[in-house]
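This report refers to the structure that appears directly beneath it.
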Amino acid sequence: MTARPDPLRLAPGLTLALFLLPIGAGLLGTLAPAFGIFPALGETRLSLDAWRDLVSQPGFSTSLRLTLTSGFLSTALALLFACGFAALASTRAGTARLERALAPLLATPHVAVAIGLAFLIASSGFLARVVSPWLTGWERPPALAIVRDPWGLSYVAGLAIKETAYLVLMVLAAQGQVRAAQALAAARALGYPPLVAWAKVVLPAIYRQIRLPVYAVLAFSLSNVEVALVLAPGTPPPLAVLAMRWFASWDLSLYPTAAAAATLQLLVVVAGIGAWRLAEVVVKRLHRAWCARGARGGLSGPILGIGGAGAILSGVAVLGAIGMMALWSVAEGWRYPDALPRALSLRSWERATPTLVDLVGTTALVAAIATAVALALALACLENEARRDLKPGAGALWLLYVPLLVPQIAFLFGAQVALVRLDLDATLVAVVWAHLLFVLPYVFLSLADPFRALDPRYARIAAGLGAGPWRTFLAVKLPMLARPIATAFAVGFSVSVALYLPTLFAGAGRIMTLTTEAVTLSSGADRRVVGVTAFAQAALPLLVYAAALTVPGLLAARRRAAA
53 MTARPDPLRL APGLTLALFL LPIGAGLLGT LAPAFGIFPA LGETRLSLDA
103 WRDLVSQPGF STSLRLTLTS GFLSTALALL FACGFAALAS TRAGTARLER
153 ALAPLLATPH VAVAIGLAFL IASSGFLARV VSPWLTGWER PPALAIVRDP
203 WGLSYVAGLA IKETAYLVLM VLAAQGQVRA AQALAAARAL GYPPLVAWAK
253 VVLPAIYRQI RLPVYAVLAF SLSNVEVALV LAPGTPPPLA VLAMRWFASW
303 DLSLYPTAAA AATLQLLVVV AGIGAWRLAE VVVKRLHRAW CARGARGGLS
353 GPILGIGGAG AILSGVAVLG AIGMMALWSV AEGWRYPDAL PRALSLRSWE
403 RATPTLVDLV GTTALVAAIA TAVALALALA CLENEARRDL KPGAGALWLL
453 YVPLLVPQIA FLFGAQVALV RLDLDATLVA VVWAHLLFVL PYVFLSLADP
503 FRALDPRYAR IAAGLGAGPW RTFLAVKLPM LARPIATAFA VGFSVSVALY
553 LPTLFAGAGR IMTLTTEAVT LSSGADRRVV GVTAFAQAAL PLLVYAAALT
603 VPGLLAARRR AAA
């Protein structure tokens with residue numbers, strides 16, 4: 053008898069094809085118009101006209117400068133904050149408890165954080181109200197450009213605050229794999245202060261493991277659109293926002309210029325990662341020389357301490373942003389300089405309910421389907437690894453990070469053209485597929501370590517009792533992995549809820565989610581309406597995270613009771 057083919061063998065290839073082929077096709081669809089190949093306009097010859105037009109645009113150099121400075125500065129700050137927090141957590145037991153706050157910080161979408169931060173720091177925001185007029189003398193909001201300031205400082209702050217939680221999670225996970233406690237004990241026995249010891253013996257060991265997440269944060273910060281629309285200067289905006297505006301225009305003659313801007317955005321990210329890599333080499337040599345000198349003091353300790361304080365402040369800012377959205381959503385008559393609303397009311401929620409029900413339904417449906425498909429693919433790939441005793445190398449990890457490293461604006465336009473040709477443009481299927489591209493890497497990364505750490509002896513015992521591979525997978529492995537699976541689902545769901553550009557391009561502006569609505573309203577709508585939409589956007593993934601933390605325990609208790 054011939055052995056029946058195992059469908060799991062197809063899982064890795066199918067998974068890679070689902071997001072690598074569309075990204076490749078999308079990049080080609082963007083590169084072609086950037087170099088003059090745009091049949092819709094009758095252009096079929098190679099040309100650099102789009103690039104000349106891009107460079108001649110008013111404010112182009114300012115847009116490029118803003119893109120570079122905000123991307124590098126926010127990434128460096130987020131990395132400093134994450135390392136500082138990890139260093140403090142390794143020396144202070146009380147600080148480690150703050151790790152529990154990572155779930156709501158990670159779950160809150162970027163747009164919600166940006167809107168809430170604007171409510172906090174604007175010239176008429178909560179912080180200004182708290183000190184006015186008794187301290188500042190401001191009876192009216194001052195004419196200060198705090199949000200959308202010309203230097204992009206509020207934009208940098210918004211990016212750094214949100215990305216800190218993600219990098220803290222990556223640093224803490226890496227720290228647990230390098231026996232940091234033993235290394236720190238040895239360094240402290242040699243007389244090194246705690247933070248200096250962490251910088252000398254732990255940081256070099258963990259950075260190799262967090263390099264790809266840092267690159268992903270850099271790529272996101274260099275090419276972000278949704279946070280830029282809320283916090284960045286608008287005249288001119290960062291490069292990715294310029295490209296999006298031209299793509300969204302009904303004037304087809306702007307498409308080649310938009311494609312050139314998107315292509316330049318890709319080059320900026322590639323060059324940015326290359327420059328960061330060169331900086332790593334320089335810093336590594338300086339670090340070795342510093343370690344060789346054996347200095348017990350220096351600035352490393354204070355810098356990490358400041359970084360840890362920045363991480364805690366970032367967490368407080370995110371929680372404050374959520375609180376501001378909640379407060380504005382129920383505010384009734386909140387005039388400047390009142391520190392608090394004069395009355396609270398659910399009237400804004402009542403008015404928004406009909407629209408909100410549709411938005412929440414669409415957002416949850418897209419997120420649930422995309423995450424469920426991502427979970428199925430990730431579990432199939434991991435089970436295929438386990439059955440065949442495969443050990444994926446670093447190349448597989450790089451492939452998994454491709455959607456996170458390639459700027460969204462660089463391939464989504466080309467992907468949209470492909471969707472139009474397939475008659476899938478502005479359909480729910482197209483939006484789910486676009487979300488799957490970005491949900492899958494996060495779901496796989498969340499599941500990979502728990503799945504691979506599962507003791508293989510359980511599967512051998514089940515096989516010894518007569519269970520086949522599929523029964524072992526369904527009846528033994530999945531119940532044991534209930535909590536990691538639920539957590540991975542919550543991570544994927546929150547990623548999907550936060551996606552803006554994929555929804556905008558694949559949905560052609562006709563499929564609205566909480567994120568697209570929040571970005572649209574942030575440009576000038578009533579703060580109470582913005583607060584309702586943004587708070588709903590933040591609350592939805594938080595509810596899923598809460599369910600992920602409680603449901604597996606309830607199921608385990610039920611199984612124990614049934615036994």
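Its first residue numbered 53, the sequence shown is counted upward by one per residue in the numbering used here. Positions of the beta carbon are idealized from the N, C-alpha and C atoms, including for glycine. This one's a predicted model, so the numbers in the text were calculated from it and none came from an experiment.
Within 8 Å, strictly: CB atoms of residue i and residue j
i       : j       : result
Leu-606 : Leu-566 : no
Ile-258 : Val-220 : no
Val-266 : His-162 : no
Leu-211 : Ser-122 : yes
Thr-127 : Ala-314 : no
Ala-538 : Val-528 : no
Leu-318 : Leu-464 : no
Pro-389 : Trp-190 : yes
Phe-545 : Ala-486 : no
Val-334 : Ala-422 : no
Val-547 : Val-491 : yes
Pro-444 : Phe-71  : no
Ile-198 : Ala-174 : yes
Leu-236 : Ala-251 : no
Ser-352 : Leu-429 : no
Leu-60  : Arg-439 : yes
Ala-369 : Leu-169 : yes
Sequence-distant residues of its chain with Cβ nearer than 6 Å to residue i (five each side left out)
i       : result
Ala-586 : Ala-164, Ile-167, Met-377, Ala-570
Leu-66  : none
Thr-147 : Annotation note: pLDDT 47 at Thr-147 (below 50); position unreliable, coordinate value reported separately. Closer than 6 Å at the Cβ level, and outside the excluded window around Thr-147, lie Leu-140, Ala-141.
Ala-69  : none
Gly-583 : Met-377, Trp-380, Ser-381
Tyr-510 : Val-528
Leu-242 : none
Leu-125 : Val-208
Ser-575 : none
Residues near residue i in its chain [Cβ-Cβ closer than 7 Å; skip 5 each side]
i       : result
Ala-478 : Gly-559, Ala-560, Arg-562, Ile-563
Ala-588 : Leu-408, Val-412, Leu-566
Ser-115 : Pro-288, Pro-289, Pro-290, Leu-291, Leu-294
Gly-397 : Checking the displayed sequence, the identity of residue 397 turns out to be Ser instead of Gly. So the list reads Val-382, Glu-384, once near-sequence residues are dropped.
Leu-568 : Note on residue identity: the sequence assigns Thr, not Leu, to residue 568. For Thr-568, where only same-chain residues beyond five positions count, the Cβ hits under 7 Å are Tyr-552, Thr-555, Leu-556.
Cys-135 : Val-223, Leu-255, Leu-356, Gly-359
Pro-91  : none
Option nearest residue i by Cα separation, candidates the options
i       : options                            : result
Phe-496 : Gly-189, Val-425, Pro-554          : Val-425
Gln-229 : Ala-505, Thr-572, Ser-305          : Ala-505
Ala-482 : Ala-63, Met-532, Pro-74            : Pro-74
Arg-200 : Gly-385, Val-248, Leu-118, Ile-89  : Leu-118
Ala-77  : Val-458, Leu-351, Asp-501          : Val-458
Arg-192 : Glu-437, Ala-391, Ala-233          : Ala-391
Leu-356 : Val-254, Leu-242, Ala-174, Leu-79  : Val-254
Leu-93  : Phe-124, Leu-247, Asp-303, Ala-232 : Asp-303
Leu-460 : Ala-268, Ala-420, Leu-187, Arg-97  : The question names Leu, yet the displayed sequence has Gln at residue 460. The residue with the shortest Cα to Cα distance from Gln-460 is Ala-268.
Ala-404 : Leu-80, Leu-129, Arg-579, Leu-601  : Arg-579
Thr-414 : Gly-375, Leu-480, Arg-473          : Leu-480
Ala-550 : Tyr-244, Val-277, Ile-262          : Val-277
Arg-535 : Trp-522, Asp-501, Glu-435          : Asp-501
Residue-level contact to chain D via CB, residue i, 8 Å cutoff
i       : result
Arg-509 : No chain D is part of this structure, which consists of one protein chain only.
Close Cβ partners of residue i (< 8 Å) along its chain, the five nearest in sequence each way excluded
i       : result
Thr-309 : Ala-102, Asp-105, Leu-106, Gln-109, Trp-298
Asp-475 : none
Phe-133 : Ala-212, Thr-216, Leu-219, Val-220, Gly-359, Gly-360, Gly-362, Ala-363, Ser-366
Ala-519 : Ala-527, Val-528
Arg-394 : Glu-384, Gly-385, Trp-386, Arg-387
Ala-86  : Ala-102, Trp-103, Pro-308, Ala-311, Ala-312, Ala-314, Thr-315
Leu-488 : Leu-70, Phe-71, Ala-422, Val-425, Ala-426
Contact test: residue i Cβ vs the ligand ATP heavy atom, cutoff 7 Å
i       : result
Val-199 : The model on display carries no ligand, and the ligand ATP is accordingly not part of it.
> Three or more beta-carbon pairs under 8 Å between the stretch 376 to 388 and the stretch 167 to 181, yes or no?
Replying inline: yes
> Does the stretch 281 to 289 come close enough to the stretch 202 to 214 to have 3 or more Cβ pairs within less than 8 Å?
Replying inline: yes
>> Using 8 Å as the cut-off, can you tell me whether the stretch 209 to 226 makes contact with the stretch 264 to 276, which would need three or more C-beta pairs spanning the two stretches below that distance?
In response: yes
> In chain order, which continuous runs of the alpha helix (DSSP H) of length 4 or greater are located wholly inside the stretch 566 to 597?
Replying inline: 566 to 573
> Taking only runs of the alpha helix (DSSP H) that begin and end inside the stretch 294 to 349, which ones reach a length of at least 4 residues, in chain order?
Replying inline: 307 to 345
> Can at least three beta-carbon pairs, one atom from the stretch 440 to 456 and one from the stretch 467 to 477, be found at a separation below 8 Å?
Replying inline: no
> Which runs of the alpha helix (DSSP H) spanning at least 4 residues fall entirely within the stretch 464 to 534, listed in chain order?
Replying inline: 480 to 504, 509 to 516, 521 to 524
> In chain order, which alpha helix (DSSP H) runs of at least 4 residues are fully inside the stretch 535 to 559?
Replying inline: 553 to 558
> Unbroken alpha helix (DSSP H) runs of length 4 or more, entirely within the stretch 239 to 286: which are they?
Replying inline: 246 to 249, 255 to 275, 278 to 283
> Can you give, in chain order, each stretch of the alpha helix (DSSP H) that sits fully within the stretch 355 to 443 and has at least 4 residues?
Replying inline: 399 to 440
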